[in-house]
Structures are given as C-alpha cells and as structure tokens.
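Enquirer:
In this note's numbering, the protein residues as written are 755 to 881.
(1) Determine, using beta carbons only, whether residue 864 and residue 794 come nearer to each other than 8 angstroms.
(2) Return the residue from the list 756, 765, 787 that minimises the CA-CA distance to residue 871.
(3) Tell me whether residue 831 is buried or exposed, calling it buried when 16 or more other Cβ atoms sit within 10 Å of its Cβ.
(4) Residue 838 by DSSP, collapsed to three states: which one?
(5) Should residue 782 go down as buried or exposed, given a rule of 16 or more other Cβ atoms within 10 Å for buried?
(6) Can you check which of these residues, 827, 874, 836, is closest to residue 803 by C-alpha distance?
(7) Given a threshold of 16 other Cβ atoms within 10 Å of its Cβ, counted over all protein chains shown, does residue 860 qualify as buried or as exposed?
(8) Could you check where the alpha helix (DSSP H) with residue 848 kicks off and where it finishes?
(9) Span of the alpha helix (DSSP H) holding residue 771?
(10) From residue 834 to residue 798, what does the alpha carbon distance come to, in whole angstroms?
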C-alpha cells in the first residue's frame, strides 16, 4: 500500500502544478472563462482521485482482513462530475462546459502519463 500512496502523492503533485499553470492563465490572459472552467473541473477531478484512492485503500484492507468488499464509490464520483457540470451550466458567464469536462479528465490523463513515465523509468533500470 505504500507504493500506492506514493503514486497518489506523485500524481497529486503533477495536478497541483497544472492547477498553478491554469491559475496563471486565468490571471494573466484574456481567456478567463476557459481557465476558470479548467480550474473547476480539475479541482473536482482531484476530489474524485482522492475519493478513489481512499476507497481502493479501504478495499485492499478489507481484502487483507478477509472482510466483505464494498464498492469503490462510483456513484459519488459521478455525483461530483454532475455537480461540476451543474455549476458550469448554472453560471455560464464564468464557466464553459467543455473546459470543465477537460478538467474532470485531468486526473485520468495524469494517471496515464504517470504510468507511462514510471514504466519507462523501470524499464531503464532493468536493462
């Protein structure tokens, strides 16, 4: 489980770097709606990643203790995504739906990129 926690913290660090770039884009460009929407989607994405990480850790612990396995919280993550979309639709003067959806996908994109980077790193060590 220690590696899993390290992976989450590494991915969170990457997402926080992206959020800081989005914040700079919001503050210093004319594309305020675009960057604010990315920020909203990415913040919700971080909450979904954190929720998924917590649920997977509990699932792993339940398996180790041979207890009944519960769900990994798909419904709560879908509700968070719906919340982000509802906020974007309620306040169209501040948010646009497409960048919000792109922001919601940020954690999944970061997970894929992190996986590929770690795979390249580990393949380099075994040569």
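Cβ coordinates follow ideal geometry from the N, Cα and C atoms, glycine included.
Expert: Working from what's here:
(1) In the chain shown, counting from the first residue as 1, residue 864 sits at position 110. In the chain shown, counting from the first residue as 1, residue 794 sits at position 40. At least 8 angstroms separates the beta-carbon of residue 864 from that of residue 794.
(2) Looking up residue 871 in the chain shown gives position 117. Per the Cα distances, 765.
(3) Here residue 831 refers to the residue found at position 77 of the chain shown. It counts as buried.
(4) As a position in the chain shown, residue 838 is number 84, starting the count at 1. Here residue 838 sits in helix by DSSP.
(5) In the chain shown, residue 782 corresponds to position 28, counting from 1. When all chains shown are included, residue 782 counts as exposed.
(6) Within the chain shown, numbered from 1, the residue matching residue 803 stands at position 49. Closest option to residue 803, Cα to Cα, is 827.
(7) Taking the first residue of the chain shown as position 1, residue 860 is located at position 106. Buried, because 16 or more other Cβ atoms sit within 10 Å of the Cβ of residue 860.
(8) For this step, residue 848 is matched to residue 94 along the chain shown. First-last for residue 848: undefined, no H or E at that position.
(9) Here residue 771 is taken as the residue at index 17 of the chain shown, counted from 1. Element bounds for residue 771: 756–782.
(10) Taking the first residue of the chain shown as position 1, residue 834 is located at position 80. Taking the first residue of the chain shown as position 1, residue 798 is located at position 44. Those two C-alpha atoms are separated by around 7 angstroms.
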